[in-house]
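Student: 1 is the number of the first residue of the sequence shown in this note's numbering; add one for each residue after it. There's a structure below that I have some questions on.
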Amino acid sequence: MEHLLTRKDEELMDRAALKNNLHEVVFLESIGGFTRKYCVNGRELLVESGINHMEQILPHDKFFKINDSFIINADYLKRIKANATKNAILHGGIELRIAQDKYWEFVSFLRFKYKI
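So this is what it looks like as structure tokens:
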């Protein structure tokens, strides 16, 4: 008999996939209805949930959605390039665009996180 997963089962699986080595996650990328998790060791994992769902279940004191496609782990943020196209520079030199409408919210998030 085929086993069908309920939405709750899927959510628990998503949480389990993310919790495994969560401290190693540098950023997450939206890939259609999926989310790709990029880790500091170069490992990647495709999670069967959209980025908006991932945003809801990740710890809000550590992760921030910088645009429609990316959520970053602030622990791996090296600096912000505050030029015309505001970019987050992450571990390994990865450069991701910060949406204009998210920039000041992100700055506030960082100030709160690091008590600046």
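Just so it is clear, CB atoms sit at the ideal spot from N, CA and C, and this is done for glycine as well.
Out of Glu44, Asn67, Ile71 and Leu45, which one is the CA nearest neighbour of isoleucine 57?
Tutor: When only C-alpha atoms are compared, the closest one is Ile71.
Student: Where leucine 46 and cysteine 39 are concerned, what is the direct C-alpha to C-alpha distance, given to the nearest angstrom?
Tutor: Rounded to whole angstroms, leucine 46 to cysteine 39 spans 11 angstroms at the Cα level.
Student: If contacts are defined as beta-carbon pairs under 8 angstroms, then isoleucine 66 and isoleucine 98 qualify, I think. What distance do you get, rounded to the angstrom?
Tutor: Confirmed, Cβ separation roughly 5 angstroms.
Student: Nearest to glycine 32 by alpha carbon, out of Leu22, His23, Asn41 and Asn52?
Tutor: Looking at the Cα atoms, Asn52 is the closest of the given residues.
Student: So the candidates are Gln100, Ile89, Trp104 and Asp75; which of them puts its Cα closest to the Cα of histidine 23?
Tutor: Comparing Cα positions, the closest option is Asp75.
Student: In whole angstroms, what separates the C-alpha of methionine 1 from that of glycine 50?
Tutor: Summary for methionine 1: the model assigns pLDDT 37, below 50, so the residue's position carries little reliability, and this model does not support an answer.
Student: Grouping DSSP H, G and I as helix and E and B as strand, with all else coil, what is asparagine 41?
Tutor: The answer is coil: DSSP assigns asparagine 41 none of H, G, I, E or B.
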